[in-house]
Amino acid sequence: MIHVMNFKGEIIDYISRDDNALVKAVHHRNINDRTETFDFTILSERTINMQERNRIIIQDKKRAV
């Protein structure tokens, strides 16, 4: 699931596999370079909140014990 937040910290949208808007999502984390990238493809009708340069939050692959 991808949460979209505005600059006030409010969640203004979320995109999940259940609503079929998420086409592809790949998360890469490189510990050595200390870099992290998230490449995703969504349906064009769900991009309205992406045009504002809002922030996204994704679920971490690792679960807390």
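Numbering (my numbering), first residue to last: 1 to 65. Glycine included, every Cβ here is placed at the ideal spot set by N, Cα and C.
Could you pull out every residue in the same chain whose Cβ sits closer than 8 Å to the Cβ of residue i, ignoring the five residues on either side in sequence?
i	result
Gln59	Met1
Whole angstroms are fine: how far does the CA of residue j sit from the CA of residue i?
i	j	result
Ile15	Asp39	14 Å
His27	Thr35	11 Å
Ile57	His3	5 Å
Arg17	Val23	8 Å
Ile11	Asp33	30 Å
Leaving out the 5 sequence neighbours to the left and right, which residues in its chain are closer than 6 Å to residue i when beta-carbon positions are compared?
i	result
Val65	Any answer about Val65 is weak, because its pLDDT of 45 lies below 50 and its placement is not dependable; what the coordinates show is given next. Closer than 6 Å at Cβ, skipping near neighbours: no residue.
Checking contacts by CB at 8 Å: is residue i closer than that to chain B?
i	result
Glu10	Going by chain labels, chain B is absent from the structure shown, which holds only one protein chain.
Indicate whether residue i and residue j have their beta-carbon atoms separated by less than 8 Å.
i	j	result
Ala21	Ile42	yes
Comparing C-alpha positions only, which one of the options sits nearest to residue i?
i	options	result
Lys62	Arg29, Thr37 and Met5	Arg29
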